[in-house]
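Structure first, commentary second.
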Amino acid sequence: MIKRNVEIKVRLSRKEAETLNKRVKKSGISREAYIRHLIEGGVPREAPPPDYYAMMREIYAIGKNLNQIAQKAHVLNVMDAQRYDAEVRKLEAAIKTITEAVVLPAPMEETRSTPRSQLRGEKERPRSGEPFAACGGSDKRSAV
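Sequential numbering from 0 applies to the sequence shown in numbering that gives the first Met the number 0.
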């Protein structure tokens, strides 16, 4: 078990705290766990709907039944083991995909954040090589 003995205190505005608390509540995990996910590069997802767990239990039960059928068929030597194994791998892959899409934290996207100048209401200036339509019909910046 990881020993966590470093305490960090952070001051937030009311709006920031409300936003954090709303996201934590939607995720269904503790505030500490939520922040740890962010530190590790993941964005916690909203808690899955209650039906999700019931559906996953049903899928796992189907998988167990397939395994029991496979064991019996292997003993009797009456099935195509390779085809069966391929189908079981598909089922396992589907379970993994569903779990990743619904439960596991999403990786942080490397997106360009909003520049401070835009937050202050200033217009964004194009970077070198980007189109600049405001300059009299030309799409390229000119060297002056």
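Each residue gets a CB set at the ideal place from its N, CA and C atoms; glycine is no exception.
Query: Tell me the rounded alpha-carbon separation between ARG22 and ILE28.; Result: 10 Å
Query: Based on Cα-Cα distance, which residue from PRO104, VAL102, LYS25, ASN64 lies nearest to VAL87?; Result: ASN64
Query: Do three or more CB pairs link the region 88-104 to the region 44-59 at distances below 8 Å?; Result: yes
Query: Going by DSSP, what residues sit across from ALA105 in a beta bridge?; Result: VAL42
Query: Give the range of the alpha helix (DSSP H) segment to which ASN64 is assigned.; Result: 49-75
Query: Assuming TYR83 contacts ALA69 under a Cβ cut-off of 8 Å, what Cβ separation, rounded to an integer in Å, is found between them?; Result: 6 Å
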